[in-house]
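In our numbering, the protein residues as written are 1 to 224.
Have a look at the structure below, then the notes.
So this is what it looks like as structure tokens:
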């Protein structure tokens with residue numbers, strides 16, 4: 001029997017916090033250790049209770065969720081952080097991952113989607129809400145076209161700065177879209193073992209340890 005995933009929730013909206021806690025508590029594979037409505041208080045609670053994962057809002061009192069994530073990761077990097085917020089702008093997404101977030105899901109997600117995200121992040125897979133990926137990809141492509149026309153940075157020419165192969169670039173693009181290894185394998189008509197090798201090589205070349213941070217780097221540096 002697999003162990004329960006222990007989580008804490010940092011969310012300042014009372015109904016959202018209570019509803020999420022109730023939904024997760026009814027799942028036999030998840031144990032809610034505590035909740036908080038305050039950023040700094042949530043950090044202290046997480047460091048004291050040492051959960052497997054923290055579900056983090058961004059708009060919080062005292063300190064925001066991005067700073068709270070940074071504090072948790074600086075003290076206990078093994079604790080996973082899943083951003084759960086209504087904010088979908090590019091800066092918040094990239095700042096969250098730069099602070100150490102392991103996944104990003106919107107509050108419009110269903111309970112089933114949230115639970116899937118929790119399980120994926122707790123296993124080190126990472127999670128990026130497909131809606132979030134589309135927003136950021138749209139912005140990056142728009143910026144890329146603008147920069148090219150104005151004589152600025154051409155992201156297309158910068159693709160190989162990390163030494164990624166053409167196939168690795170294809171895999172990275174699918175990671176940004178939120179696809180898992182089996183989906184990538186099917187899409188590219190390659191084996192799961194080959195997909196895992198490509199993902200491993202991508203992480204090494206981008207100097208990151210998780211898929212979510214690879215996605216953040218890809219978006220930040222215009223690799224896709």
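Each residue gets a CB set at the ideal place from its N, CA and C atoms; glycine is no exception.
Asked, Found
"Residue range of the unbroken beta strand (DSSP E) whose run includes residue 54", "53-56"
"DSSP three-state assignment for residue 180, whether helix, strand or coil", "coil"
"Opposing strand residues paired with residue 31 [DSSP bridges]", "6"
"Residue 62, DSSP secondary structure in three states", "coil"
"Cut-off 6 Å between Cβ atoms - residues of its own chain near residue 35, not counting five sequence neighbours on either side", "9, 17, 21"
"Cβ-Cβ distance between residue 106 and residue 92 below 7 Å", "no"
"Proximity of residue 176 and residue 218 at Cβ, strictly below 7 Å", "yes"
"Residue 89, DSSP secondary structure in three states", "coil"
"Stretch-stretch touch, CB-based, cutoff 8 Å, three pairs: the stretch 70-81 with the stretch 49-60", "yes"
"Backbone CA spacing between residue 213 and residue 42 [nearest angstrom]", "23 Å"
"Strand pairing of residue 104, partner residues [DSSP]", "83, 128"
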